[in-house]
Amino acid sequence: MQRQAVPIAARGLRKHYGAVRALDDVDLDVQAGEFLTLLGPSGSGKTTLLMVLAGFIRPDQGSLRFGSDEVIRLAPHKRDIGMVFQNYALFPHMDVAGNIAYPLRLRGVAGNELTARVDKALQTVQLAGYSARRIDELSGGQRQRVALARAIVFEPRIVLMDEPLSALDKQLRERMQIELRHLHEQLGTTTIYVTHDQREALTMSDRIAVIHGGRIQQLDTPRHLYERPRNRFVAEFIGESSLLVVEVAGERCLCDGQTLRLAQAAATGAAVLMLRPERLQVLAHGAALADGLNHLQARVVDLVYQGDSFLLQAQLANGSTINARGIAGTAALAALPQPGETACLAFGIDDTVLLADAAP
Amino acid sequence: MNIELHAGGLRRDERRERLVLLGLSAPALLLVGVTMIAPVAWLFGLSFLSDTGEWSLEHYRRMIEQPSYGRTFVTTFKVSLLTTAICIGAGYPLAYLLSQLPRRAANLCMIAVLLPFWTSLLVRTYAWLVLLQRRGLINDWGMRLGWWDEPLALVHNLTGTLIGMVHIMLPFLVLPLLNAMRAIDADLLKAAANLGASPARAFRSVFLPLSLPGLAAGTLIVFILCLGFYVTPAVLGGGKVIMVSNHIANDIELFFNWGAASALGAVLLVLTMLLLWCATKLLRFEKLFGGAH
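Chains as they are written, first to last, in the numbering used here: chain L, 1 to 360; chain B, 1001 to 1293.
Take a look at the structure:
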């Protein structure tokens, strides 16, 4: 049923508000049928970028192509994009069917075909039988589904979603994440999704563009983004991380006087090393060192029990802090070094990540 | 051990709170009762007394028999309808503009709209007289600039009355309308555009219907205020525009006929209430207002 999905190519998108650079010459390529997430803190420019794509914000300059069509100067109502708004923006003076039929009526669909397509869209979002309901009779999750149905019913080339799940409670949000993902697989529409929730982005996306200061900091698959962040911002924004200043020499680096091996040789000099807490193994001081792993000796500062996991905070002699997280099994908890004692933190060479674009 | 559940005490507390509420609203209730309901009831009674002090329907009978009364009611409704219509025509675009302006600019413009409220009604009405009369500012300038040769009859007639009344009534229409328009989420119009509606279509299918409750409220307020209006038709109508209130004033001041005046007032009150009731039924206010949020 779906029309051909189109790729999106943005070049040099710029939008300045006085001294504020909401978009600072952004280039972005989205493949046809891809689910791409714009992830960033509030004020990062991700919503501005989405609004430029939808046509609601006029950029200072730039080029935007949907497939082979240049659309940068095209009015919003001619762009053929389905959008799900953060607050859903359902028309309160129309019932559910009226909302979903709205884009179809504008396209001259009428009669039996109109009813059939509205019903089909309602089925797709699992709201069959709700067509005569008023909007104020619906729960948040149901409104979300109606907004979604309205955005896909006219089979747009592209679907945009502006933090569509942020108003839902946690359980519903997690269920909707999976549902949206399935729906995307089913429809295959090029989808751009905006969120500030990193877990949501990691769960749903084919690729994620991390945005900060009006620039795309890194555009990568969720796994690459997590395991190989390019710079300090990405490393800190996604997941937990400990950042350590090291001195690089070829395939090795020196951290607090202790030598660590690297997966690849890097430029000699000072650099920033990133460690993910859950990739660290905590060994008691004096335990046998394993081959093929890096080790760091650090003094335990704090040990926090968090139910399913524990968080251990340790300090190097130079004052840097390292966090380690592990599953809180009975045996594991019993073997942990206590605050004041020295712990040995072991981690894989692949998990010893140098940040490429970070000044120490 | 038995624990007391305080059913009686809790009920007493509930009753006491209600009494406190009633006590707080007592002054207002008393005021309305004394200054409004009692005199209206008294006037209503007067309208059924003949000149000799007996129960009779002669004032109502005269209202049907004498054509001047009929003309008065026709004039009243005609002037009120025209004023309301002009207010809608001028007020809707104004309110729309104000609702689209940034907040600061909108507030400044709002002051301009409300400024007349800070001046006495009578002063404003006489100010119009100065502007509109044969040798007034407007005729003077119009002729000096060669736009027209003879002084236009802008006052002491229906035109003058309408100009004055529209000026006074406009804020009553704009305020509720602007409120309704400001409550319309801007995202709804974005959503309409996104789904393929041209700006005109989005206005027609989304903005206009959502602003209707405010328009209905403003229209009703203006129309009902117009029905009982006195000063402006008296000053700017020049005796040619006789509305019910002017007729009432004549009955009392010229003929000292309280009965006839009371009957007129009673009929106007009943007509107004009937109209309000019809409007509420027709527009289903609750639902309309509910829909705006």
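Virtual Cβ for every residue (Gly too), placed ideally from N, Cα, C.
Beta-carbon proximity of residue i to residue j, cut-off 8 Å
i: L/T190; j: L/V26; result: no
i: B/V1267; j: B/M1063; result: yes
i: B/W1128; j: B/L1271; result: no
i: L/L244; j: L/A235; result: no
i: L/L23; j: L/K15; result: yes
i: B/M1165; j: B/F1229; result: yes
i: L/C253; j: L/Q297; result: no
i: B/W1258; j: B/L1046; result: yes
i: B/L1098; j: B/A1106; result: yes
i: L/I216; j: L/P229; result: no
i: B/F1048; j: B/L1057; result: yes
i: L/S309; j: L/L275; result: no
i: L/S44; j: L/H212; result: yes
i: L/P103; j: L/R150; result: yes
Partners in chain B for residue i, counting only beta-carbon separations shorter than 8 Å
i: L/L106; result: L1195, G1196, A1197, R1201
i: L/P103; result: L1195, G1196
Rounded straight-line distance, which links the Cα of residue j to that of residue i
i: B/A1292; j: L/D136; result: Low confidence applies to B/A1292: its pLDDT is 40, below 50, so where it sits in the model is not reliable, and the reading given next is rough at best. If you take the alpha carbons of B/A1292 and L/D136, they lie about 11 Å apart.
i: B/P1213; j: B/P1176; result: 9 Å
i: B/F1172; j: L/F56; result: 34 Å
i: B/A1026; j: L/R133; result: 43 Å
i: L/A142; j: B/G1089; result: According to the sequence provided, residue 142 of chain L is Gln. The question's Ala does not apply to it. Cα-Cα distance, rounded: 40 Å.
i: B/L1264; j: B/W1042; result: 14 Å
i: B/A1202; j: L/F91; result: 11 Å
i: L/T429; j: L/R232; result: There is simply no residue 429 of chain L to check, as chain L begins at 1 and stops at 360 in what is shown.
i: B/W1277; j: B/L1283; result: 10 Å
i: L/G12; j: L/L283; result: 50 Å
i: L/Q313; j: L/T37; result: 32 Å
i: L/L333; j: L/L311; result: 11 Å
i: B/D1013; j: B/G1023; result: 15 Å
i: B/D1051; j: B/L1029; result: 34 Å
i: L/R299; j: L/S42; result: 36 Å
i: L/V71; j: L/S63; result: 8 Å
i: B/R1015; j: B/L1005; result: 17 Å
i: B/G1290; j: B/D1187; result: Any reading at B/G1290 is ruled out, since the residue's pLDDT is 44, under 50, leaving its predicted position unreliable.
i: L/T195; j: L/A19; result: 25 Å
i: L/Y130; j: L/A101; result: 13 Å
i: L/Q186; j: L/T268; result: 49 Å
i: B/V1174; j: B/G1091; result: 6 Å
i: B/A1279; j: B/Y1096; result: 24 Å
i: B/N1139; j: B/Q1133; result: 7 Å
i: L/L183; j: L/I152; result: 10 Å
i: L/V125; j: B/K1281; result: 38 Å
i: L/G319; j: L/D302; result: 14 Å
i: B/I1003; j: B/V1020; result: 30 Å
i: L/T203; j: L/Q177; result: 7 Å
i: B/G1142; j: L/V96; result: 57 Å
i: L/G40; j: L/V210; result: 6 Å
i: B/T1083; j: B/M1169; result: 8 Å
i: B/E1017; j: B/G1033; result: 23 Å
i: L/T342; j: L/E174; result: 40 Å
i: L/A346; j: L/V304; result: 19 Å
Residues that residue i bridges to, as DSSP identifies them
i: L/I81; result: L/I158
i: L/A328; result: In the DSSP output, where bridge partners are listed per residue, L/A328 has none listed.
i: L/Y378; result: The question about residue 378 of chain L has no answer here: the residues shown for chain L are numbered 1 through 360.
i: L/M176; result: Partner(s): none; L/M176 has no beta bridge.
i: B/Q1066; result: According to DSSP, B/Q1066 bridges with nothing at all.
i: L/I216; result: L/I211
i: L/N294; result: L/F347
Interface partners of residue i on chain B, CB under 7 Å
i: L/F81; result: Note on residue identity: the sequence assigns Ile, not Phe, to residue 81 of chain L. In chain order: N1194.
i: L/A54; result: N1194
Residue i: contacting residues in chain B (beta-carbon distance under 9 Å)
i: L/H77; result: A1192, A1193, N1194, L1195, G1196, A1197, S1198, P1199, R1201, A1202
i: L/N87; result: D1185, D1187
i: L/A271; result: Under the 9 Å cutoff, chain B gives no residues; its nearest Cβ is about 46 Å from L/A271.
i: L/R150; result: A1191, L1195
Per-residue contacts from residue i into chain L (C-beta, under 9 Å)
i: B/L1210; result: F91, P92, H93
Partners in chain C for residue i, counting only beta-carbon separations shorter than 8 Å
i: B/V1032; result: Although the question refers to chain C, the structure presented lacks it and instead comprises the protein chains L and B.
Neighbour list for residue i in chain L, Cβ cutoff strictly below 7 Å
i: B/V1206; result: F91
Pair every Cβ in the stretch 157 to 170 of chain L with every Cβ in the stretch 108 to 117 of chain L, then say whether three or more of these pairs are closer than 8 Å.
no
Pairs of beta-carbons, one from the stretch 252 to 265 of chain L and one from the stretch 213 to 226 of chain L, closer than 8 Å: are there three or more?
no
Between the stretch 68 to 86 of chain L and the stretch 162 to 179 of chain L, do three or more beta carbon pairs fall short of 8 Å?
yes
Check whether the stretch 1187 to 1199 of chain B and the stretch 1063 to 1074 of chain B touch, using three or more Cβ-Cβ pairs below 8 Å as the test.
no
With contact counted as at least three CB pairs below 8 Å, one residue from each stretch, are the stretch 1213 to 1227 of chain B and the stretch 1133 to 1148 of chain B in contact?
no
Report yes or no: do three or more beta-carbon pairs, one from the stretch 67 to 82 of chain L and one from the stretch 148 to 158 of chain L, lie closer than 8 Å?
yes
Contact between the stretch 1235 to 1255 of chain B and the stretch 1104 to 1117 of chain B (3+ Cβ pairs under 8 Å):
no
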